[in-house]
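Worksheet: one structure, shown below.
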Amino acid sequence: MAISSKLPQQKKLINRPWIQRRDLLVGLVSRDIKLLYNRSALGIAWMLINPLMQLVVYAFVFGILLVNNSIPNFTSYIFSGLLVWTWFQGSLTEATGAIVHNRALIRQPGFPVAVLPVVNVATGLIHFLMSLPILLIFLWIDGIELHAGLLLLPLLMALQFALTVSLAYVLASLNVTFRDTQHTLGVLLQMLFYFSAIFYQVPEQYSHIFQFNPVLILIDGYRSILLSPEATTASFGWMPVLILAAVTAVLLPLGHRIFQRQSERFVEEL
Amino acid sequence: MGHGIVVQNLGKRFSAYPSDRPRTIMQAAMGGFKRFKPMNDFWALRNVSFEVQPGEILGVLGHNGAGKSTLLRLIGGIGSADEGQIHIRGRVGALLDLGAGFHEDLTGRENLMVAALIGGLTKVEVLAREAEIIEFAELESFIDNPIRTYSTGMGMRLAFSIAIHTDPQLLLIDEHLSVGDIGFKTKCIKRVKALRDQGCAIMFISQSPDQVMELCDRALLLNRGQVAAYSDPKTVVTEYQAAMHPDQKPRLPQAEVEVLGRQIAITAMRLSPTEPFHCGDPLTVELDYNCLEPLPDPIFSVRILHENGAVCFTSNTHRMDCNKMISPGTGRIRLQIDRLDLNGGKYSMHAGVHSKNWKTLLEYQDKMAELIVKPTRVIEGLLHPPCIWTIETARLESKQDSNLAGDSKISPEASAV
Numbered sequence: 000m001a002i003s004s005k006l007p008q009q010k011k012l013i014n015r016p017w018i019q020r021r022d023l024l025v026g027l028v029s030r031d032i033k034l035l036y037n038r039s040a041l042g043i044a045w046m047l048i049n050p051l052m053q054l055v056v057y058a059f060v061f062g063i064l065l066v067n068n069s070i071p072n073f074t075s076y077i078f079s080g081l082l083v084w085t086w087f088q089g090s091l092t093e094a095t096g097a098i099v100h101n102r103a104l105i106r107q108p109g110f111p112v113a114v115l116p117v118v119n120v121a122t123g124l125i126h127f128l129m130s131l132p133i134l135l136i137f138l139w140i141d142g143i144e145l146h147a148g149l150l151l152l153p154l155l156m157a158l159q160f161a162l163t164v165s166l167a168y169v170l171a172s173l174n175v176t177f178r179d180t181q182h183t184l185g186v187l188l189q190m191l192f193y194f195s196a197i198f199y200q201v202p203e204q205y206s207h208i209f210q211f212n213p214v215l216i217l218i219d220g221y222r223s224i225l226l227s228p229e230a231t232t233a234s235f236g237w238m239p240v241l242i243l244a245a246v247t248a249v250l251l252p253l254g255h256r257i258f259q260r261q262s263e264r265f266v267e268e269l
Numbered sequence: 000m001g002h003g004i005v006v007q008n009l010g011k012r013f014s015a016y017p018s019d020r021p022r023t024i025m026q027a028a029m030g031g032f033k034r035f036k037p038m039n040d041f042w043a044l045r046n047v048s049f050e051v052q053p054g055e056i057l058g059v060l061g062h063n064g065a066g067k068s069t070l071l072r073l074i075g076g077i078g079s080a081d082e083g084q085i086h087i088r089g090r091v092g093a094l095l096d097l098g099a100g101f102h103e104d105l106t107g108r109e110n111l112m113v114a115a116l117i118g119g120l121t122k123v124e125v126l127a128r129e130a131e132i133i134e135f136a137e138l139e140s141f142i143d144n145p146i147r148t149y150s151t152g153m154g155m156r157l158a159f160s161i162a163i164h165t166d167p168q169l170l171l172i173d174e175h176l177s178v179g180d181i182g183f184k185t186k187c188i189k190r191v192k193a194l195r196d197q198g199c200a201i202m203f204i205s206q207s208p209d210q211v212m213e214l215c216d217r218a219l220l221l222n223r224g225q226v227a228a229y230s231d232p233k234t235v236v237t238e239y240q241a242a243m244h245p246d247q248k249p250r251l252p253q254a255e256v257e258v259l260g261r262q263i264a265i266t267a268m269r270l271s272p273t274e275p276f277h278c279g280d281p282l283t284v285e286l287d288y289n290c291l292e293p294l295p296d297p298i299f300s301v302r303i304l305h306e307n308g309a310v311c312f313t314s315n316t317h318r319m320d321c322n323k324m325i326s327p328g329t330g331r332i333r334l335q336i337d338r339l340d341l342n343g344g345k346y347s348m349h350a351g352v353h354s355k356n357w358k359t360l361l362e363y364q365d366k367m368a369e370l371i372v373k374p375t376r377v378i379e380g381l382l383h384p385p386c387i388w389t390i391e392t393a394r395l396e397s398k399q400d401s402n403l404a405g406d407s408k409i410s411p412e413a414s415a416v
């Protein structure tokens, strides 16, 4: 009995593991997205409807009901913050269950467990990217021109990606020992949301406290690129972003190791 | 070929924690984060050593909870060993949790892609063999329906088909060679053999001695995490069957397995009467043995199995006061059964010898003789002892005084001749 023809890929043996990882990641992410929208009437359109509805609510409450701000380009200001926050919060919440909810996958020999939180964060990234054009439309309505500074966006996104994954590694590991991590995280994220200056500007006298909020650092970065093109390179302080990048560079391998160990322990639990 | 599995002195310990161990952050904070020590440990596997060469199939037998699945998982790299080493070379393909990555709402084709990616193929490779996988699973007309519409068998077939199409160099199969109907099973076994012929090292767990005999080059019997036997399939299967029947051999953990027949051998078995045998006839079983070493109080046993495998009768010399020191030389032992009410059919006779107090199995001979019982008028059932039906036709109110008058006796429709 002839077993199927030898694979064309097998010649490039050095490349193969990486191609395999990439394909696996893409496959799992596209499965996630299919699952989210598979049985809904509007399907993939929810990706756009969701952030828009949120924007309407916040713009109404903070732009019309509680008008006490003098933020220029208020809609774009809220929307940019909201998108960054939604990505961060959504993927972190999902990824916290990465070990606990994927017992079957973790038990597959040779399955790279560490890919699981990456899948969650990547799914969030897809949502983020899908909403980005809407943000650009709001920018255009607010009269902000597109400019070369936008090319810095991918760098910030990469930083956010790495930071979220590192945090997810730690939280998912913690969730194995303490199953209420996910619920506790919900409350903490709620607090962090209000401290991230999504719909207000940080008052001058509190800025020394707010500067420790990593999400705010990211949002500030995005906003300076998107909303104030002329200030991008000149007046914006990039130091916090660089420090955040350094912290992430330490946290990522550390979290990875903890995650690996905890997931191994998890499958052994009876 | 350079791949295979070598396992040396493998040990795996599980810990049981006290039930009041904190489960939530709140509880842990209240308990002051003190370290919880495991209450007690137990070894799920201990001192396990064996190897599987490329192109070889190893069958793993054992009771439920003997550590078979744990062993396969460890070899698959899931969890880490506490003792000993596992050397594996080659890509592992495994059928441990079939259909693990499947999602109900996605179609068979979508699930196939994800499951094959999880199994270690690249996208190009999956696309190249998608048709082959679907064909093997016999799901051509259902592949674009959601998995939730599949029957259990269909899902299993797809999962199995994916797993054996990932070109594994080491294949671990956890009791899944009995997936689907007979036709599909035969196809799976054929495929497993083909993989073996290509140099794949295969380990599979089975509860079916016949399958082990048919497929395996070697077999491993696990008992409470220890290797009870590791040899050619026939020897191990014999040992397994003996261990599966507690009346035959109640003490399971055997430190040492004697080579069967080295100390005492059963050379012949005679039945009388031979043919024809009718239901209810007395039966005499004579065993000839050849003893090679002096044996104190050995236990002889005899079993009668129906051809469908059901154990109909066992008897042994334990606590029968006929045990004594057996000295070297030949001898004969006789079992007299006063009447054997077996229904018509084909039966096989098995005999074995254990050392004193069931310590070890010294000799075992299966199917030494065949017993054919002439058909009775009752077709079903293994037993057909003489029996009498009585029907009470009396009315309830006059039951006390007309007990005898109203009864009518019906003679047995088929008395034991």
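For the protein sequence lines, the chains are A and B, in the order given.
Just so you know, numbering that gives the first Met the number 0 puts 221 at position 222 of the first sequence, and the rest follows in order with no gaps.
Just so you know, numbering that gives the first Met the number 0 puts 147 at position 148 of the second sequence, and the rest follows in order with no gaps.
We treat Cβ as the ideally placed atom computed from N, Cα and C, and that holds for glycine.
Length-filtered (4 minimum) alpha helix (DSSP H) runs lying within the region 104-144 of chain B: 107-117 and 122-136, all fully within the region 104-144 of chain B.
If I follow the unbroken alpha helix (DSSP H) through A/TYR193, where does it start and stop? For this step, residue 193 of chain A is matched to residue 194 along the first sequence. From DSSP, the alpha helix (DSSP H) with A/TYR193 extends over 180-193.
Expected contact under 8 Å - CB spacing of A/ILE32 and A/ILE125 to nearest Å: As a first step, residue 32 of chain A must be located in the first sequence, where it is residue number 33. As a first step, residue 125 of chain A must be located in the first sequence, where it is residue number 126. The pair is a contact, with the Cβ atoms about 6 Å apart (cut-off 8 Å).
Range covered by the alpha helix (DSSP H) that runs through B/ILE74: Position 75 of the second sequence, counted from the start, is the residue given in the question as residue 74 of chain B. Per DSSP, B/ILE74 belongs to the alpha helix (DSSP H) from 67-74.
Looking at B/SER300: is its Cβ nearer than 8 Å to the Cβ of B/THR283? For the purposes of this step, residue 300 of chain B is identified with residue 301 of the second sequence, where counting begins at 1. For the purposes of this step, residue 283 of chain B is identified with residue 284 of the second sequence, where counting begins at 1. Against a cut-off of 8 Å, the Cβ pair of B/THR283 and B/SER300 comes out as no contact.
Strictly below 7 Å CB to CB, what residues from chain B border A/ASP22? In the first sequence, the residue the question calls residue 22 of chain A occupies position 23. Contact of A/ASP22 with chain B by beta-carbon distance below 7 Å involves LEU116, THR121 and LYS122.
Inter-residue CB distance, B/VAL191 and B/ILE201 (contact presumed, cutoff 8 Å): Within the second sequence, the letter at position 192 stands for residue 191 of chain B. Within the second sequence, the letter at position 202 stands for residue 201 of chain B. Confirmed, about 6 Å.
Closest by CA to B/LYS373, which one among B/ASP365, B/THR392, B/GLN197 and B/ASP340? Taking the second sequence and counting its residues from 1, the one referred to as residue 373 of chain B is at position 374. Among B/ASP365, B/THR392, B/GLN197 and B/ASP340, the Cα nearest to that of B/LYS373 belongs to B/ASP340.
Can the beta-carbon of B/PRO281 be found less than 8 Å from the beta-carbon of B/ARG338? The residue labelled residue 281 of chain B in the question sits at position 282 within the second sequence. The residue labelled residue 338 of chain B in the question sits at position 339 within the second sequence. Against a cut-off of 8 Å, the Cβ pair of B/ARG338 and B/PRO281 comes out as a contact.
Give the C-beta separation of B/THR237 and B/TYR346 to the nearest angstrom, bearing in mind that I take them to be a contact with Cβ-Cβ under 8 Å. Numbered from 1 along the second sequence, position 238 holds the residue referred to as residue 237 of chain B. Numbered from 1 along the second sequence, position 347 holds the residue referred to as residue 346 of chain B. About 19 Å; that fails the 8 Å criterion.
Quick one: does B/VAL113 have its CB under 8 Å from some CB of chain A? Taking the second sequence and counting its residues from 1, one reaches residue 113 of chain B at position 114. Closer than 8 Å to some Cβ of chain A, the Cβ of B/VAL113 qualifies, so yes.
Roughly how many angstroms separate the alpha carbons of B/ARG72 and A/PHE127, rounded to a whole number? Numbered from its first residue, the second sequence carries residue 72 of chain B at position 73. Numbered from its first residue, the first sequence carries residue 127 of chain A at position 128. Distance between the alpha carbons of B/ARG72 and A/PHE127: 39 Å.
State the start and end residues of the unbroken beta strand (DSSP E) segment that holds B/VAL310. As a working note, residue 310 of chain B is residue 311 in the second sequence. Element bounds for B/VAL310: 310-315.
Can the beta-carbon of B/ILE77 be found less than 8 Å from the beta-carbon of B/GLY100? Taking the second sequence and counting its residues from 1, one reaches residue 77 of chain B at position 78. Taking the second sequence and counting its residues from 1, one reaches residue 100 of chain B at position 101. For B/ILE77 and B/GLY100, no; Cβs fall outside 8 Å.
Mind the definition here: the region 3-12 of chain B touches the region 44-56 of chain B only if three or more C-beta pairs lie below 8 Å; say whether that holds. yes
Any beta carbon of chain A sitting closer than 8 Å to that of B/GLN247? Walking along the second sequence from the start, residue 247 of chain B turns up at place 248. With a pLDDT of only 47 at B/GLN247, under the threshold of 50, the placement of this residue in the model should not be trusted, and no figure is reported.
Report yes or no: is there a C-beta of chain A within less than 8 Å of the C-beta of B/HIS102? Indexing the second sequence from 1 puts residue 102 of chain B at position 103. Chain A contact via Cβ: present.
For A/TRP86, count the other beta carbons within 10 Å of its own beta carbon; 16 or more makes it buried, fewer makes it exposed. Which is it? Here residue 86 of chain A refers to the residue found at position 87 of the first sequence. It counts as buried.
So if I threshold CB-CB distances at 8 Å, which residues from the region 95-111 of chain A count as touching chain B? ALA103, LEU104, ILE105, ARG106, GLN107, PRO108, GLY109 and PHE110
Determine, for A/ILE18, whether the minimum Cβ-Cβ distance to residues of chain B falls below 8 Å. Here the question's residue 18 of chain A lines up with position 19 in the first sequence. Cβ-Cβ to chain B under 8 Å: yes for A/ILE18.
Please confirm if A/ALA34 has its CB atom under 8 Å from at least one CB of chain B. Taking the first residue of the first sequence as position 1, residue 34 of chain A is located at position 35. Per the sequence presented here, residue 34 of chain A reads as Leu, with Ala not at that position. A/LEU34 counts as touching chain B.
In its own chain, which residues sit with a C-beta less than 7 Å from the C-beta of B/GLN253, not counting the 5 before and 5 after it? Here the question's residue 253 of chain B lines up with position 254 in the second sequence. With a pLDDT of 40 at B/GLN253, under the threshold of 50, the predicted position of this residue should be treated as unreliable, and no value is reported.
Determine the direct distance from the alpha carbon of B/PRO232 to that of B/LEU214, and round the result to whole angstroms. Reading the second sequence from its first residue, position 215 is the one you call residue 214 of chain B. Reading the second sequence from its first residue, position 233 is the one you call residue 232 of chain B. Each residue's Cα considered, the two are about 9 Å apart.
Could you name the residues of the same chain whose beta carbon sits closer than 7 Å to that of A/THR163, not counting the 5 residues immediately before and after it, in chain order? Along the first sequence, read from residue 1 onward, the residue named residue 163 of chain A stands at position 164. These residues qualify, in order along the chain: PHE87, SER90, LEU91 and VAL120.
In chain B, what lies closer than 7 Å to A/VAL117 by C-beta? The residue given as residue 117 of chain A occupies position 118 in the first sequence. Neighbours of A/VAL117 on chain B: none; closest Cβ ~14 Å, over 7 Å.
Under 8 Å between beta-carbons, which chain A residues line up against B/ASP96? List them in chain order, please. Reading the second sequence from its first residue, position 97 is the one you call residue 96 of chain B. What B/ASP96 touches in chain A: ALA103, ARG106 and GLN107.
For B/LYS248, count neighbouring Cβ atoms within 10 angstroms of its own Cβ and tell me buried if that reaches 16, exposed if not. Here the question's residue 248 of chain B lines up with position 249 in the second sequence. Its pLDDT being 45, under 50, B/LYS248 is placed unreliably in this model, and the coordinates cannot settle the point.
Taking Cβ positions only, does B/SER79 come closer than 8 Å to chain A? Locating residue 79 of chain B in the second sequence gives position 80, where the first residue counts as 1. Judged by the 8 Å Cβ criterion, B/SER79 is in contact with chain A.
Take B/ARG250 and list the residues in its own chain whose beta-carbon comes closer than 8 Å to its own, dropping the five residues that flank it on each side. Looking up residue 250 of chain B in the second sequence gives position 251. Residue placement at B/ARG250 cannot be trusted, given a pLDDT of 40 that sits under 50; the coordinates are not used to answer.
Assuming contact is defined by CB atoms lying nearer than 8 Å, are A/LEU316 and A/LEU54 in contact in what I supplied? With chain A running from 0 to 269 in the structure shown, residue 316 of chain A is simply not present.
Compare the beta carbon distance of B/LEU111 and B/LEU70 with 8 Å and say whether it is the shorter of the two. As a working mapping, residue 111 of chain B is identified with position 112 in the second sequence. As a working mapping, residue 70 of chain B is identified with position 71 in the second sequence. No, they are not a contact pair.
Distance, Cα to Cα, B/VAL256 vs B/VAL235? On the second sequence, residue 256 of chain B is found 257 positions in, with the first residue counted as 1. On the second sequence, residue 235 of chain B is found 236 positions in, with the first residue counted as 1. For B/VAL256, the predicted structure reports a pLDDT of 45, less than 50, and the residue's modelled location is therefore unreliable. A value from the coordinates is still provided. Going by the C-alpha atoms only, they are around 10 Å apart.
When the Cα atoms are used, what is the spatial distance from B/ALA127 to A/ARG15? Against the second sequence, residue 127 of chain B aligns to sequence position 128. Against the first sequence, residue 15 of chain A aligns to sequence position 16. Distance between the alpha carbons of B/ALA127 and A/ARG15: 16 Å.
In the DSSP output, what is B/GLN364 paired with across the bridge? The count along the second sequence starts at 1 and reaches residue 364 of chain B at position 365. B/GLN364 is bridged to B/ALA350.
Pick from B/GLU103, B/ASP296 and B/GLU131: whose alpha carbon is nearest that of A/ASN37? The sequence position of residue 37 of chain A within the first sequence is 38, counting from 1. Minimum Cα distance to A/ASN37 is reached at B/GLU103.
A/SER29 in three-state terms, based on DSSP: Position 30 of the first sequence, counted from the start, is the residue given in the question as residue 29 of chain A. DSSP places A/SER29 in helix when its eight states are reduced to three.
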